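**Q** Just dropping this structure here.
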Amino acid sequence: NAGVMQNPRHLVRRRGQEARLRCSPMKGHSHVYWYRQLPEEGLKFMVYLQKENIIDESGMPKERFSAEFPKEGPSILRIQQVVRGDSAAYFCASSRTAYEQYFGPGTRLTVT
Amino acid sequence: GESVGLHLPTLSVQEGDNSIINCAYSNSASDYFIWYKQESGKGPQFIIDIRSNMDKRQGQRVTVLLNKTVKHLSLQIAATQPGDSAVYFCAENFGNEKLTFGTGTRLTIIP
């Protein structure tokens with residue numbers, strides 16, 4: 067029973083490039099969440115999705131950030147025109163219900 | 003504002019001793035709490051959860067206590083082992099399906 071999978075594990079982008087982070091939830095889980103973590107800090111909620119629907123994006127920056135969870139395939143967090151302040155660890159979690167969120171290993175984004 | 007905070011940023015415990023990690027929350031409407039363990043370079047690992055209609059819940063070597071009167075949550079780890087060294091986060095959910103995390107406590111087990 068594979069856990070939440072994220073790729074890539076590490077991603078380096080130059081300022082102005084696009085970053086695409088992928089998340090495959092656990093089997094049977096239809097709820098996907100994205101969180102961001104800065105060094106030595108807790109995780110901050112970004113967005114909550116179900117298949118083909120964004121349920122809550124209250125934690126997403128208004129510009130450059132978008133997320134999707136298509137009918138087929140992984141959930142994607144997309145960051146356009148990355149800036150140095152986007153450097154962080156991005157974690158995806160999935161759940162069968164609204165509770166018991168299980169996290170993936172994260173993608174560590176470095177913007178140079 | 004609504005927040006989840008931790009009293010101590012670091013905690014060192016002798017191997018074999020019990021450890022207690024504390025967490026304060028401010029949102030009285032929170033109905034679900036989770037403790038996560040995060041090792042360096044890894045994602046948060048679910049440890050144990052508790053709903054607001056409970057005061058105590060036990061797992062394997064771990065116990066979570068919830069005191070709603072003072073809005074306090076604690077994680078007790080019995081007979082600590084070197085593998086328990088990690089950062090521990092409490093998180094709360096107040097029915098809107100997103101977790102609010104505290105800043106974390108770094109637990110170090112001294113051999």
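Chains as they are written, first to last, in our numbering: chain S, 67 to 178; chain D, 3 to 113.
Quick reminder that beta carbons are idealized off the backbone N, C-alpha and C, glycines included.
Quick caveat: nothing in here was measured; it's all calculated off a predicted structure.
Is there a C-beta anywhere in chain D that falls below 7 Å from the one on residue 105 of chain S?
**A** Taking the first residue of the first sequence as position 1, residue 105 of chain S is located at position 39. With 7 Å as the cut-off, residue 105 of chain S does not count as an interface residue toward chain D.
**Q** What whole-angstrom Cβ distance do residue 57 of chain D and residue 68 of chain D have, given they're in contact under 8 Å?
**A** Within the second sequence, numbered from 1, the residue matching residue 57 of chain D stands at position 55. Within the second sequence, numbered from 1, the residue matching residue 68 of chain D stands at position 66. With 8 Å as the limit, residue 57 of chain D and residue 68 of chain D qualify as a contact, their Cβ atoms being about 6 Å apart.
**Q** Can you confirm whether residue 99 of chain D, when its beta carbon is compared against all beta carbons of chain S, has any partner nearer than 7 Å?
**A** Sequence index remark: in the second sequence, residue 99 of chain D carries index 97 (1-based). Cβ-Cβ to chain S under 7 Å: yes for residue 99 of chain D.
**Q** Count the other C-beta atoms from every protein chain shown that fall within 10 angstroms of the C-beta of residue 149 of chain S, then say buried if there are 16 or more, exposed otherwise.
**A** Along the first sequence, one-based indexing puts residue 149 of chain S at 83. Burial call: exposed.
**Q** Can you check whether the C-beta of residue 171 of chain S is within less than 7 Å of a C-beta belonging to chain D?
**A** Within the first sequence, numbered from 1, the residue matching residue 171 of chain S stands at position 105. For residue 171 of chain S, the answer is yes, since a Cβ of chain D falls inside 7 Å of its Cβ.
**Q** Does the Cβ-Cβ distance between residue 23 of chain D and residue 101 of chain D come in under 7 Å?
**A** Locating residue 23 of chain D in the second sequence gives position 21, where the first residue counts as 1. Locating residue 101 of chain D in the second sequence gives position 99, where the first residue counts as 1. Result no, Cβ atoms of residue 23 of chain D and residue 101 of chain D do not sit closer than 7 Å.
**Q** Does residue 76 of chain S pass the burial test, meaning 16 or more other C-beta atoms within 10 Å, or should it be called exposed?
**A** Within the first sequence, numbered from 1, the residue matching residue 76 of chain S stands at position 10. That one is exposed.
**Q** Would a check of beta-carbon distances place residue 110 of chain D closer than 7 Å to chain S?
**A** The residue labelled residue 110 of chain D in the question sits at position 108 within the second sequence. Not closer than 7 Å to any Cβ of chain S, the Cβ of residue 110 of chain D fails to qualify, so no.
**Q** Could you pull the start and end residues of the beta strand (DSSP E) that residue 68 of chain S belongs to?
**A** The residue given as residue 68 of chain S occupies position 2 in the first sequence. Going by DSSP, residue 68 of chain S is part of no beta strand (DSSP E) at all; its letter is neither H nor E.
**Q** Would you call the segment 154–162 of chain S and the segment 90–100 of chain S in contact, with 3 or more CB pairs under 8 Å?
**A** yes
**Q** Return the chain-ordered list of same chain residues with a C-beta closer than 6 Å to the C-beta of residue 35 of chain D, the five sequence neighbours on each side being excluded.
**A** By 1-based counting over the second sequence, the position of residue 35 of chain D is 33. 52, 75, 94, listed in sequence order.
**Q** Output yes if chain D places a C-beta closer than 7 Å to the C-beta of residue 115 of chain S; else output no.
**A** Against the first sequence, residue 115 of chain S aligns to sequence position 49. Residue 115 of chain S does not count as touching chain D.
**Q** Please state the DSSP three-state secondary structure of residue 152 of chain S.
**A** Within the first sequence, the letter at position 86 stands for residue 152 of chain S. In the structure shown, residue 152 of chain S sits in a helix (DSSP, three-state: H, G or I).
**Q** Return the residue from the list S/169, S/86, S/96 that minimises the CA-CA distance to residue 130 of chain S.
**A** Position 64 of the first sequence, counted from the first residue, corresponds to residue 130 of chain S. Out of S/169, S/86, S/96, S/86 has the C-alpha closest to the C-alpha of residue 130 of chain S.
**Q** Say whether chain S places a C-beta atom closer than 7 Å to the C-beta of residue 27 of chain D.
**A** Mapped onto the second sequence, residue 27 of chain D falls at position 25. Closer than 7 Å: no.
**Q** To which residues of the same chain is residue 116 of chain S closer than 8 Å at the C-beta, ignoring the five residues directly before and after it?
**A** As a position in the first sequence, residue 116 of chain S is number 50, starting the count at 1. Here the set comprises 96, 97, 98, 135.
**Q** Taking residue 167 of chain S as the query, report the chain D residues whose CB atoms sit under 8 Å from its CB, ordered along the chain.
**A** Position 101 of the first sequence, counted from the first residue, corresponds to residue 167 of chain S. Chain D residues near residue 167 of chain S: 36, 48, 101.
**Q** Determine the contact status of residue 112 of chain D and residue 16 of chain D, defining contact as a CB-CB distance below 7 Å.
**A** Here residue 112 of chain D refers to the residue found at position 110 when the second sequence is read from its first residue. Here residue 16 of chain D refers to the residue found at position 14 when the second sequence is read from its first residue. Going by C-beta atoms, residue 112 of chain D is nearer than 7 Å to residue 16 of chain D.
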